[in-house]
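Residue numbers (my numbering): 45 to 158. Worksheet for the structure shown next.
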């Protein structure tokens, strides 16, 4: 092989190595950039999910408190209504409820013997 040809082969080999090194550097930089972008997106998504969870918990809490307040108001209305009744009226209500619970002649449900 001629010396000029050998030098050309060595020069081309060095050029190929240089190009490979540059390409490897670009690939590494691209991968690092992509890693950072994905990490940022992950952080944003995690934050958004945490905020959505917090909002859902707050909404559930608000709904529960609203329901409890409604139940409490209804219980108070019933208690006030019962407190306004005379002993005679309350006695009739109690006897009627007992008749529904205890089988006997006053009980007219067909599924209960009596």
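All C-beta atoms, glycine included, are put in the ideal place defined by N, C-alpha and C.
Using the C-alpha atoms, what's the distance from residue j back to residue i?
i: residue 129; j: residue 136; result: 11 Å
i: residue 76; j: residue 50; result: 39 Å
i: residue 109; j: residue 143; result: 37 Å
i: residue 148; j: residue 134; result: 21 Å
i: residue 127; j: residue 103; result: 36 Å
i: residue 70; j: residue 58; result: 18 Å
i: residue 61; j: residue 78; result: 25 Å
i: residue 65; j: residue 72; result: 10 Å
i: residue 68; j: residue 96; result: 41 Å
i: residue 63; j: residue 56; result: 10 Å
i: residue 107; j: residue 118; result: 16 Å
i: residue 46; j: residue 82; result: 53 Å
i: residue 89; j: residue 120; result: 46 Å
i: residue 139; j: residue 113; result: 31 Å
i: residue 74; j: residue 99; result: 37 Å
i: residue 123; j: residue 86; result: 55 Å
Under DSSP, the alpha helix (DSSP H) around residue i begins and ends at which residues?
i: residue 115; result: 47-127
i: residue 148; result: Element bounds for residue 148: n/a, residue is neither H nor E.
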